[in-house]
Every structure is written in structure tokens, then in C-alpha cells.
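Trainee: To start, I am sharing the structure in question, which I have written as C-alpha cells.
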Amino acid sequence: MGPTGYVAIGDSQTEGVGDPDGSGGWRGFADRLAEQLAGLTPDLHYANLAVRGRLARQVRDEQLDVALALRPALVTVVAGMNDLVRPSFSATEVGACLDDMFAELTASGARVATLTFPDLSRLTPILRPLRHRVLDLNASIRTSAARHGVALVDTFGYSVITDSRLWCPDRLHANPVGHARIAAAFAQALGLPGSDDSWSKPLPAGERRTVVSRVADDLGWLARFVGPWVYRRVRGRSSGDHRVAKRPTPIPVIPPTTEPA
């Protein structure tokens with residue numbers, strides 16, 4: 001890889017929300033993937049342009065040109081989750097934004113990788129009405145990825161991806177275990193040495209929960225996370241307001257001295 005080996009663009013998942021770095025910030029799958037790449041290419045430089053709360057069109061409009069200017073060898077593109085939960089969601093429009101990014105990045109000579117979204121209804125039954133949106137968007141992502149030669153992590157259908165032990169209490173962001181699995185999935189999709197399909201394997205069986213406990217958790221989730229989200233939407237605010245990318249310029253990757261959980 002060249003001086004700018006890897007650039008990550010996207011929203012909160014790529015920013016790393018849910019995976020503390022031990023210094024008051026976020027690590028996330030992109031940082032984890034960069035660390036693995038640095039083990040193969042010691043002079044690797046990595047930039048992360050992602051900002052939480054961004055819609056797919058905002059990722060395209062705000063981050064794509066910056067990424068292209070850095071002339072990276074590898075780019076990961078993860079966007080669309082924030083669109084999925086909006087009333088105005090259009091799989092056609094979001095898919096077009098992703099296709100635009102895939103087209104321009106691959107035309108620049110970069111290798112590109114992306115992913116599909118899991119079945120949210122398996123994680124949170126109340127989100128069942130969104131299942132058809134996920135199916136439509138995933139179909140668009142698969143088609144675009146194939147058209148442009150983009151490496152694809154197809155998460156849909158793997159039961160482990162919707163295991164609550166991979167997710168934060170907000171059920172929208174992966175926790176450290178989840179981010180580690182996503183990084184491993186990207187490594188496999190890119191064919192990195194030492195990668196395999198272990199990321200897709202189920203976790204050991206956990207304690208069976210009662211219907212009462214599940215309902216109680218769902219009600220608590222609605223009050224603690226959904227309510228504030230709706231309040232922000234009504235006020236026209238976003239979790240990404242006034243935030244900037246955590247790693248806007250490519251700098252060398254320093255792997256952690258110890259591996260967090």
C-alpha cells in the first residue's frame with residue numbers, strides 16, 4: 001500500500017461508537033482493521049473521516065471528495081443505517097448514493113469494501129416494520145458491489161450478527177465484541193493473511209431469558225434511547241451536530257500494546 005493505505009468513510013459505526021479506545025474516544029472496526037493492516041504493512045497511514053449521525057448522501061457529499069484527494073489504496077464505505085430509521089427512507093436514493101461512492105472510488109484505483117445490514121427485527125422485534133427496508137437496501141448494495149468490484153461483507157442471515165451480546169444497550173451500535181467481529185469480517189472479505197470465517201460463528205449458548213424480562217428490556221430501551229432520538233428528530237437535531245472526523249488526515253497506525261475485549 002502507498003502512503004495513504006486506508007481511508008474509512010461513513011457514520012457512527014465507522015467512527016467506532018460503542019467501542020471505547022481507553023482514552024476517552026472510540027476505537028471501532030475501522031481502527032481494528034487498520035491495526036491488522038499495519039501488521040502487514042508497517043508504514044501504513046490511515047484516515048477515518050466518519051462522523052456519527054450522517055446520512056448516506058451526507059457521507060457522499062462531505063467525505064467522498066476528501067477521501068479521493070487522499071489517493072488511498074483501500075476505502076471502506078459503511079452508510080445507510082441512519083437513513084433506514086428515517087420516515088423519508090428511500091432504498092433507491094440511498095442505494096444511488098452508495099453506488100456513486102463505489103463508482104468514483106473504484107475508478108480512482110482504490111480497492112473498496114462495504115457491508116450489508118443485519119435483520120434488525122431479530123435484534124429488536126419492535127423494528128419488524130423496517131425489515132423490508134433492510135431487504136431492499138441490501139439488494140441494492142449487493143448489486144452495486146458486484147457492478148463495481150467492491151468487496152462485500154454480507155452480514156444478513158448470520159444469527160450471530162443479531163446476538164445482543166455484540167451490541168450496545170442502544171441496539172444501534174456494536175460493542176467491542178461486535179466491532180471486533182466486523183473488522184474480522186472485512187479482513188476475510190479482503191483476503192488478508194490469517195483471516196477466516198470465525199467472525200460468523202455463533203457465540204456460546206447463553207442463559208435463556210423469559211418473555212417478561214425481554215418485554216421489560218424492550219420498554220426500557222424505548223424510554224432510554226428511542227424517546228431521546230425522537231426528541232432530537234422533532235427539534236431537527238442530529239447526534240453528529242458540530243462534530244468533525246476523529247482522524248481527518250492520514251497518520252501512521254500504532255497498534256495497541258494490549259488487546260481490549
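My numbering numbers the first residue of the sequence shown as 1 and each following residue consecutively. Ideal placement from N, C-alpha and C gives every residue a C-beta, glycine not left out. Fair warning: this is a prediction, and the values are worked out from it, not measured in the lab.
Quickly, what does DSSP pair G157 with across the bridge? List them, please.
Mentor: For the purposes of this step, residue 157 is identified with residue 157 of the sequence shown, where counting begins at 1. BP columns for G157 are empty, so no partner.
Trainee: Does the stretch 181–200 touch the stretch 32–47, meaning 3 or more C-beta pairs lie closer than 8 Å?
Mentor: Short answer: they touch.
Trainee: Work out the CA separation of D19 and P272 for me, nearest whole Å.
Mentor: This structure cannot settle anything about residue 272, because the visible part of the chain is limited to 1 through 261.
Trainee: Run the CB neighbour count on L40, radius 10 Å, all protein chains shown included, and call it buried at 16 or more, exposed below.
Mentor: What you label residue 40 is simply residue 40 of the sequence shown in a count that begins at 1. The residue in question, L40, is exposed, as its Cβ has fewer than 16 Cβ neighbours within 10 Å.
Trainee: Give the secondary structure of A174 by DSSP, where H, G and I count as helix, E and B as strand, and everything else as coil.
Mentor: Counting from 1 along the sequence shown, the entry for residue 174 is found at position 174. Strand at A174.
Trainee: Looking at the structure shown, is L49 part of a helix, part of a strand, or coil, going by DSSP?
Mentor: In the sequence shown, the residue the question calls residue 49 occupies position 49. L49 falls in the coil class under three-state DSSP.
Trainee: Given 8 Å as the limit, is there contact between the stretch 93–105 and the stretch 58–67, that is, 3 or more CB pairs closer than that?
Mentor: At 8 Å Cβ cutoff, the stretches touch.
Trainee: Assign R27 to one of three DSSP states: helix, strand, or coil.
Mentor: On the sequence shown, residue 27 is found 27 positions in, with the first residue counted as 1. Of the three classes helix, strand and coil, the one that applies to R27 here is coil, per DSSP.
Trainee: Apart from the five residues just before and just after R60, which ones in its own chain have a Cβ nearer than 6 Å to its Cβ?
Mentor: What you label residue 60 is simply residue 60 of the sequence shown in a count that begins at 1. Correct list, in chain order: C97, D100, M101.
Trainee: Which class does G22 belong to by DSSP, given the choice of helix, strand or coil?
Mentor: Residue 22 sits at position 22 when you count from the first residue of the sequence shown. Residue state, collapsed to three classes: coil.
Trainee: For V153, which of P202, P87, G191, H45 has the nearest alpha-carbon?
Mentor: What you label residue 153 is simply residue 153 of the sequence shown in a count that begins at 1. Comparing Cα-Cα distances from V153 to each of P202, P87, G191, H45, the minimum goes to G191.
Trainee: Report the option in L127, A151, W26 whose CA atom is closest to the CA atom of T116.
Mentor: Position 116 of the sequence shown holds residue 116. It is A151.
Trainee: Kindly indicate the opening and closing residues of the beta strand (DSSP E) around R111.
Mentor: Within the sequence shown, the letter at position 111 stands for residue 111. Per DSSP, R111 belongs to the beta strand (DSSP E) from 111–115.
Trainee: What did DSSP end up calling A187 once you bin it into helix, strand or coil?
Mentor: Against the sequence shown, residue 187 aligns to sequence position 187. DSSP places A187 in helix when its eight states are reduced to three.
Trainee: Is the beta carbon of L123 sitting closer than 8 Å to the one on V160?
Mentor: On the sequence shown, position 123 is the one that residue 123 refers to. On the sequence shown, position 160 is the one that residue 160 refers to. No, these two residues do not count as a Cβ contact at 8 Å.
Trainee: Can you list, in chain order, the residues of its chain whose CB lies under 6 Å from that of D21, leaving out five sequence neighbours each side?
Mentor: Residue 21 sits at position 21 when you count from the first residue of the sequence shown. Closer than 6 Å at Cβ, skipping near neighbours: R27.
Trainee: Give a yes or no on whether the C-beta atoms belonging to L70 and P252 are separated by under 8 Å.
Mentor: The sequence position of residue 70 within the sequence shown is 70, counting from 1. The sequence position of residue 252 within the sequence shown is 252, counting from 1. No, they are not a contact pair.
Trainee: How many whole angstroms separate the CB atoms of L49 and A79, which I take to be in contact at a CB cut-off of 8 Å?
Mentor: Here residue 49 corresponds to residue number 49 of the sequence shown, with the count starting at 1. Here residue 79 corresponds to residue number 79 of the sequence shown, with the count starting at 1. L49 to A79, Cβ: 11 Å. No contact.
Trainee: Where do the N-terminal and C-terminal ends of the alpha helix (DSSP H) with T92 fall, by residue?
Mentor: On the sequence shown, residue 92 is found 92 positions in, with the first residue counted as 1. Residues 91–107.
Trainee: So, using beta-carbon positions, are F285 and P129 closer together than 8 Å?
Mentor: In the structure displayed, the chain extends from 1 to 261; residue 285 sits before or after that span and is not available.
Trainee: Mapping DSSP to helix, strand and coil, what is R60?
Mentor: Residue 60 sits at position 60 when you count from the first residue of the sequence shown. R60: helix per DSSP, three-state reduction.
Trainee: Grab me the residues of S121's own chain with a C-beta within less than 6 Å of its C-beta, minus the 5 sequence neighbours each way, in chain order.
Mentor: Position 121 of the sequence shown, counted from the first residue, corresponds to residue 121. The answer, listed in chain order, is L127, R128, R131.
Trainee: Decide if D11 is buried, meaning its Cβ has at least 16 other Cβ atoms within 10 Å, or exposed.
Mentor: As a working note, residue 11 is residue 11 in the sequence shown. Classification of D11: buried, given that the 10 Å Cβ count is 16 or more.
Trainee: Could you tell me if T143 is buried or exposed, where buried requires 16 or more neighbouring beta carbons within 10 angstroms of its beta carbon?
Mentor: Walking along the sequence shown from the start, residue 143 turns up at place 143. Flag for T143 reads exposed.
Trainee: So, helix, strand or coil for G194, using DSSP?
Mentor: Start at 1 with the first residue of the sequence shown, and residue 194 comes out as number 194. Correct three-state label for G194: coil.
Trainee: Which residue or residues does DSSP assign as beta-bridge partners of P252?
Mentor: As a working mapping, residue 252 is identified with position 252 in the sequence shown. Partner(s): H45.
Trainee: Return the bridge partner residues of I9 from the DSSP annotation.
Mentor: Counting from 1 along the sequence shown, the entry for residue 9 is found at position 9. Beta-bridge pairing links I9 to V77.
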